[in-house]
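Chains as they are written, first to last, in our numbering: chain A, 27 to 141; chain B, 1206 to 1318. All residues carry an ideal CB built from backbone N, CA and C; glycine is no exception.
Okay, structure coming up:
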């Protein structure tokens, strides 16, 4: 069964460093998402991406964040200068339909720890 | 902005007990509703969804949920839980025309054999 894969599974970084989290969505999917979950808190929407551009973003997704689909298969989330409060589990998701069907296929997450 | 409340944070049941997890949302317009499940060490998976029609929807593994519009609720039920149902359960909504799912805080279900 096709699945969304994410790397790394866990990254530890120093405050102020740049981090890139990588995702390989399911191959025929067209819509891509990043969500995050701070420990003990809700899963929060960060950004959605379609046709090589951001289609929607939350207020969390400020100038420190960026997304890219560099090569037609990977979908990356970059945090330019990490802060302590960026420590969270980051989930990538994809779907083939752009309607609000909510049938997202999630990866297993990348745990980011900022020291 | 829409929000989702899951009032049960941690539920412990014995096998064969019945389950009902509460979910309420706040939004005045049209929403689609979902329950996702995350088994230990695994990714979030769709359990069931409601878009329109019959307000009682059936999902995988014997789960069902009922949409009660007047109560802004979408409670998840299962008549008889199994140890393998031990997981975290998330209710989520999406507003018509938007891309972003809004999740509840999750309910951790622990089923004891």
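Simplified DSSP assignment, three categories, for residue i
| i | result |
| --- | --- |
| residue 1266 of chain B | helix |
| residue 122 of chain A | coil |
| residue 130 of chain A | coil |
| residue 1289 of chain B | helix |
| residue 1276 of chain B | helix |
| residue 110 of chain A | helix |
| residue 1244 of chain B | coil |
| residue 141 of chain A | coil |
| residue 1303 of chain B | coil |
| residue 74 of chain A | strand |
| residue 55 of chain A | coil |
| residue 1297 of chain B | strand |
| residue 80 of chain A | strand |
beta-carbon residue i near the ligand COA non-hydrogen atom, thresh 7 angstroms
| i | result |
| --- | --- |
| residue 48 of chain A | No copy of the ligand COA occurs in the structure displayed, which carries no ligand at all. |
Distance, residue j Cα to residue i Cα
| i | j | result |
| --- | --- | --- |
| residue 80 of chain A | residue 107 of chain A | 20 angstroms |
| residue 1298 of chain B | residue 1292 of chain B | 20 angstroms |
| residue 1222 of chain B | residue 116 of chain A | 34 angstroms |
| residue 110 of chain A | residue 60 of chain A | 19 angstroms |
| residue 34 of chain A | residue 1235 of chain B | 37 angstroms |
| residue 48 of chain A | residue 1218 of chain B | 38 angstroms |
| residue 1146 of chain B | residue 54 of chain A | With chain B covering only 1206 through 1318, there is no way to say anything about residue 1146 of chain B. |
| residue 1302 of chain B | residue 1237 of chain B | 10 angstroms |
| residue 1209 of chain B | residue 1274 of chain B | 14 angstroms |
Proximity of residue i and residue j at Cβ, strictly below 8 angstroms
| i | j | result |
| --- | --- | --- |
| residue 1312 of chain B | residue 1250 of chain B | no |
| residue 82 of chain A | residue 74 of chain A | yes |
| residue 1254 of chain B | residue 1242 of chain B | no |
| residue 120 of chain A | residue 64 of chain A | no |
*Fully enclosed by the segment 1214-1242 of chain B, which beta strand (DSSP E) runs are 3 residues long or longer?*
1215-1219, 1224-1226 and 1229-1231
*Any chance the segment 1272-1284 of chain B sits against the segment 1227-1246 of chain B, with 3 or more Cβ pairs inside 8 angstroms?*
The segment 1272-1284 of chain B and the segment 1227-1246 of chain B touch, with no fewer than 3 CB-CB distances between them shorter than 8 angstroms.
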